[in-house]
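Here's the structure, in C-alpha cells; my notes come after.
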Amino acid sequence: MKDGDYLGYCIAKYSARSTDIAKLETSQDGGVTRELIQYALEKGYVDGFVIGIRDGSKISPKVITEPEEVKFAGGTVFAVCPIVSEVKNAVREYGLEKVGVVGVPCQIQAIRKLQLYPAGGRAIPEKIVLTIGIFCKENFPYDGLKTIVEYYCKTKMENVKKMIIRHGKFWVESENGKNEIPLSKTLPYYMKGCNLCIDYTAELADISTGSLGTPTGWNTVFLRTEKGKNLFDSALKDGRIEAKDISEVKPGERAIIKIAKEKYERALDTFKEREKLKLQVYLLLIFLIKFKYYTENLFFDECRNED
Amino acid sequence: MKPKVAHVHLSGCTGCLVSLVDSYEKLLEILNAVDIVYSTTLVDVREYPEDVDVALVEGSVCLSHKESVELIKKVRENSKIVVALGSCSACGGVTRFSRGGQLGRPEHDSFSPVTEVIDVDFSLVGCPPGTESIVKLILALLNGNEDYLKPYKQAVELSEADGRLLFKRVINKGLCIGCGTCAASCQTRAITIVDGRPEINEGRCINCGVCIFQCPRYFLPLEFMEKKVKEGSL
C-alpha cells in the first residue's frame, strides 16, 4: 500500500481554522467543525445536525436545528457517543429533510452502510446530505474515561474544560490547571473494538477534520466529495474560515500517515491473532481487512466455508 | 424480453409488499421493467408458472399446511432466483412466536422461515424492510449488480437471527464500537444504547434480524462504499 492510501480519497487537503475568536477559545483546535455546522445550518445546506453534546459530564447524541445551538458542541470528549441511534429520530420525529451527521470514522461507515443497505433505515438514505468525520484512533467507554480523568488526572469530570491527546500524552485542563499523564497509562481503558478498525481519517465522510498534522490551534481538513468541497469553499469565500494548503504547514501529512498506518497495522495484527484462535472469524473481519487489502476475489461462499 | 417476476405470499401480513408500494414513482420504474407473472394480490393466476426469473417470497412456511409446503417447493424448482423478502421469510420474524391453537385452524402450529425450508439465493430482513432497500435490491437484481448483492447473499445464513444474535456475533466477539446503528434500525425500538452498548428489551424483540444485518461490524463492504463515495452518489 502506498502512503497516500492510508488517508483515503481526497479532493483537497487544508490546514484551517475558524475566524471567530470566541469559537477558537472554546474549541478543541481550530473550531472548523463547529464553524462548518453553523455555516451549513445558516445557509440551508442542512436542516439539522446530529451531533454529540455534553450533557453534564456525559455526552449524548442530540439533534440541533438552530445555528446558535452549536455553542454546546465545542471541545472533544473521548467517550463513546451513539450518534447513529439519533439519526432515525432526526428524520422521523424532527421531520428533517436534509440531515447532517458528525461522527468518528466507524460511525460514518455505519451511516454509509445505512444509506446503501437501508433494511432498517426507511426514509433515511436520501435525507442524509452531509457527513463530517473526525479523526479517531481509539475511543473510550464513558466509565473508562472517567477513571482516567478522575483517578489518574485527579480532576472531577464536571470540572473538565478540555481533554487533549497530543505528543503521546493525555491531559485535562480545568480551573485548577493542567493535569497530564502519559498516553500509555490510558491504553488499558480504550474499547477493544477499535483494534479492528482500519480507518483513522474517516475515509467515507464528505469532510474529515482533525487536529493531527497541523499546528496547535488549527485543524486538518480533508475534502472528499463535491458536496463537502462546495460547503467548505463557500465558507472560505464568506470569510468564516481561513485556510492554507496542508503542504505549507508543519508537521503536515507525514504525521497523519504515520498514525493512520499504525491503526491499520494494529487491525491487521489483531485480525491475524484472531485467526489463530478457534473463535469464529466472522465476515466482518474478512470484509474489513481481507476484502479491501488482501484479495479481490474473496466471495461469500468461501467465507461461509471458513465458519 | 422483460424478466418474469413472481411475488409469493406465504404466512405473513403483506407488509413487505406495502413497503415496496410506498416507493411511489420508483414502483412504476420497477413495474415497467418487469413482467409480473404470479402474485396473489396483483395477478389473477392460480398455478405457479414455470420459468420464473425472480421469485420474491414473503412470509414463512406453515409446515402443517400441505399446500404451502408444496408451493414453496415448486417456487424453488421453477424459479432461477429466490429472494426471501422480509423477516418472516428470511429469519422467521414475528411468526417465530406462533404455536398453533388458534381458531379457525388450531392445527397450524409450525412456521419456519423460507430460508430453512428451501435454498434461497438472497435474503432481505426487516419488518418490513425499508422501502429503499427493497427497491435497491430489485434494481440490483435486474441490472445484475453482483457487488451490491453480495451482502444479501450472505444474509441467507441469518435464518435464526434475533436481538440475541447481535450479542453472540458482535458484542461477545469484542467487535462492538457503540455506534448506535442497531438502535436506529430496530423497528420496534427494543434497543437502547446504555453505556455505549446496546441493551435489548427482549419482550419487544420480534426476531426481525435487522439489528444484526445493519450492524457495521456484521458486514462492511468498504471497497464498494468507497467507490460510491468517490462517485458522489452517497
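Chains as they are written, first to last, in the working numbering: chain A, -19 to 287; chain B, 9 to 242. The beta-carbon is built from N, C-alpha and C at its ideal position, and this holds for glycine as well.
Could you tell me whether the Cβ of residue i comes closer than 7 Å to any Cβ of chain A?
i, result
"residue 134 of chain B", "yes"
"residue 24 of chain B", "no"
"residue 93 of chain B", "no"
"residue 141 of chain B", "yes"
"residue 153 of chain B", "no"
"residue 189 of chain B", "yes"
"residue 222 of chain B", "yes"
"residue 201 of chain B", "yes"
"residue 241 of chain B", "no"
"residue 171 of chain B", "no"
"residue 67 of chain B", "no"
"residue 138 of chain B", "yes"
"residue 34 of chain B", "no"
Per DSSP, which one or two residues make a beta bridge with residue i?
i, result
"residue 87 of chain B", "B:60"
"residue 41 of chain B", "Bridge partners of residue 41 of chain B: none, in fact."
"residue 150 of chain A", "A:145 and A:161"
"residue 114 of chain A", "A:189"
"residue 46 of chain B", "B:14"
"residue 206 of chain B", "B:201"
"residue 40 of chain A", "A:33"
"residue 66 of chain B", "B:17 and B:93"
"residue -8 of chain A", "A:203"
"residue 80 of chain A", "A:29 and A:110"
Is DSSP giving residue i helix, strand or coil here?
i, result
"residue 155 of chain A", "coil"
"residue 228 of chain B", "coil"
"residue 199 of chain A", "strand"
"residue 72 of chain B", "coil"
"residue 178 of chain A", "coil"
"residue 145 of chain B", "helix"
"residue 226 of chain A", "helix"
"residue 168 of chain A", "helix"
"residue 193 of chain B", "helix"
"residue 52 of chain A", "helix"
"residue 77 of chain B", "helix"
"residue 160 of chain B", "helix"
"residue 58 of chain A", "coil"
"residue 134 of chain A", "coil"
"residue 296 of chain A", "Outside the displayed span of chain A (-19 to 287) sits residue 296 of chain A, for which this structure offers no information."
"residue 35 of chain B", "helix"
"residue 238 of chain B", "helix"
"residue 122 of chain A", "helix"
"residue 214 of chain A", "helix"
"residue 25 of chain B", "helix"
"residue 263 of chain A", "For residue 263 of chain A, the predicted model reports a pLDDT of 49, less than 50, meaning its position is unreliable; a value from the coordinates is still stated below. In this structure, residue 263 of chain A counts as helix in the three-state DSSP scheme."
Distance cutoff 7 Å, beta carbons only. Does residue i sit that close to anything in chain B?
i, result
"residue 263 of chain A", "With a pLDDT of only 49 at residue 263 of chain A, under 50, the local geometry of the prediction cannot be trusted, and the value read off the model is given with reservation. By this cut-off, residue 263 of chain A is an interface position."
"residue 201 of chain A", "no"
"residue -4 of chain A", "no"
"residue 195 of chain A", "no"
"residue 86 of chain A", "yes"
"residue -15 of chain A", "no"
"residue -11 of chain A", "yes"
"residue 78 of chain A", "no"
"residue 67 of chain A", "yes"
Residue i and residue j: beta carbons closer than 7 Å?
i, j, result
"residue 215 of chain A", "residue 19 of chain A", "yes"
"residue 219 of chain B", "residue 174 of chain B", "yes"
"residue 189 of chain A", "residue 12 of chain A", "yes"
"residue 160 of chain A", "residue 142 of chain A", "no"
"residue 9 of chain A", "residue 85 of chain A", "no"
"residue 92 of chain B", "residue 128 of chain B", "yes"
"residue 123 of chain B", "residue 72 of chain B", "no"
"residue 44 of chain B", "residue 146 of chain B", "no"
"residue 136 of chain B", "residue 171 of chain B", "no"
"residue 164 of chain B", "residue 141 of chain B", "no"
"residue 188 of chain B", "residue 204 of chain B", "no"
"residue 149 of chain A", "residue 163 of chain A", "yes"
Measuring alpha carbon to alpha carbon, tell me which residue in the options is nearest residue i.
i, options, result
"residue 53 of chain A", "A:7, A:-9, A:73 and A:62", "A:7"
"residue 183 of chain B", "A:174, A:167, A:15 and A:94", "A:174"
"residue 120 of chain B", "B:241, B:32, B:37 and B:20", "B:20"
"residue 126 of chain B", "B:29, B:79, B:185 and B:199", "B:79"
"residue 55 of chain A", "A:68, A:47, A:255 and A:39", "A:39"
"residue 211 of chain B", "B:151, B:204 and B:199", "B:199"
"residue 102 of chain B", "B:151, B:68, B:62 and B:242", "B:68"
"residue 232 of chain B", "B:153, B:205, B:46 and B:11", "B:153"
"residue 26 of chain A", "A:82, A:5 and A:137", "A:82"
"residue 2 of chain A", "A:220, A:247, A:43 and A:240", "A:220"
"residue 74 of chain B", "B:133, B:118 and B:235", "B:118"
Hey, would you say the C-beta of residue i is under 6 Å away from at least one heavy atom of the ligand PLP?
i, result
"residue 236 of chain B", "No copy of the ligand PLP appears in this structure; indeed no ligand is present at all."
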